[in-house]
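*Asks:* First the structure, which I've put down as structure tokens, then a few questions once you've had a look.
Residue numbers (my numbering): 3 to 324.
Take a look at the structure:
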């Protein structure tokens, strides 16, 4: 197996950390098998929406932007679930895709069929859900629409492989484990789509930890902080760890991420703590220690300032919602 370069391997680790912490849940919404002419409108939804064309072509329009044609292997991700249309041609009257339409068209095998006399198009449609109402730490940083083509020379072959596997699993719904496999592939596909977008368009985004993954030094620093969030890091020890000066570290990290390294570390520690409060029964004092706080009082104060409520109340609310 070929080795990944150091910056690229770091990028995957940090991105995976944040996605895992945010608890993104994937779900297959529908598999469209449509014959022209057809046009549907998909309403806005909480969470992200994803479409991948596996056969034929269609036109995609979102929020009044110019229509764009999608070919086999094209993927679009709407991180905020914006309202959009899919159609055989731009300008056709649309049918609203709601539960009534879905129930009336879906077949026993799970296919959602739009009959017509014309050319056939097949589209995989999925959603990504997250529980909180605050902006998602990955999806909230992305533009309203990501359009990625598997024809890209760098990331395209990997995307195409995952997409082919996903298409196979959706065609084999009766096979043992096909539903679980499809959901795992959707998780993997989200990572590959974000990586492909970072490779081609990431330099256009505002300063954030996600843009920081494109810079080798900043990516190494992010990986160090994610690997050992509870360590007693200072700017000096962090700079020594990545073999640069304090000034270079502070300047590069702040330029790409939009905040100094230790400010980012504090926020990441509290995000890790929130996950531990939701998913474990560890005492608050133990969680505080794990994420680098020597004083439970200081941890409680920092957590309340960031999350709007003290750790104990946050845990009770999370347990009730779950």
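For glycine and all other residues, C-beta sits at the position ideal for the given N, C-alpha and C.
#1: In terms of residues, what are the limits of the alpha helix (DSSP H) holding residue 64?
#2: Please return the same chain residues whose Cβ sits closer than 7 Å to the Cβ of residue 198, not counting the five positions on each side in sequence.
#3: At what residues does the alpha helix (DSSP H) containing residue 76 begin and finish?
#4: Kindly indicate which residue of 131, 313, 183 has the alpha-carbon position closest to the one of residue 166.
#5: Whole-angstrom Cβ separation of residue 168 and residue 191, contact assumed at under 8 Å?
#6: Once the 5 residues before and after residue 196 are set aside, which same chain residues still bring their CB inside 7 Å of it?
#7: Could you give the distance in angstroms between the alpha-carbon of residue 30 and the alpha-carbon of residue 129?
#8: Which residues bound the beta strand (DSSP E) around residue 99?
#9: Taking 9 Å as the threshold (C-beta atoms), are residue 90 and residue 43 in contact?
#10: Per DSSP, what kind of secondary structure is residue 13 in: helix, strand or coil?
#11: Pick from 233, 241, 259: whose alpha carbon is nearest that of residue 207?
#12: Measuring only the C-alpha atoms, how far is residue 309 from residue 163?
#13: So what does DSSP say about residue 275, is it helix, strand or coil?
#14: On the criterion of 16 or more Cβ atoms from any shown chain inside 10 Å, does residue 299 qualify as buried, or is it exposed?
#15: Taking 9 Å as the cut-off, decide whether the C-beta atoms of residue 1 and residue 275 are in contact.
#16: Using 8 Å as the Cβ pair cut-off and three pairs as the minimum, do the region 101-113 and the region 43-60 touch?
*Replies:* Answer, in terms of the structure:
#1: Element bounds for residue 64: not the alpha helix (DSSP H) but the beta strand (DSSP E), 60-64.
#2: Same-chain partners within the cutoff: 150, 154, 157, 161.
#3: Premise fails: residue 76 lies in the beta strand (DSSP E), 76-80, not in any alpha helix (DSSP H).
#4: 183
#5: 7 Å
#6: Cβ-Cβ distances below 7 Å link residue 196 to 17, 140 in the same chain, with the five nearest sequence neighbours on each side left out; the list follows chain order.
#7: 6 Å
#8: Looking at the DSSP string, residue 99 is not in any beta strand (DSSP E), and its letter there is neither H nor E.
#9: Not in contact: residue 43 and residue 90 (Cβ atoms no closer than 9 Å).
#10: With a pLDDT of only 45 at residue 13, under 50, the local geometry of the prediction cannot be trusted, and the value read off the model is given with reservation. In the structure shown, residue 13 sits in a helix (DSSP, three-state: H, G or I).
#11: Restricting attention to 233, 241, 259, the CA atom closest to the CA of residue 207 is found in 259.
#12: 40 Å
#13: helix
#14: So residue 299 counts as exposed.
#15: Beyond the ends of the chain as shown, which are 3 and 324, falls residue 1; an answer cannot be given.
#16: By the Cβ rule, the region 101-113 does not count as touching the region 43-60, because fewer than three pairs are nearer than 8 Å.
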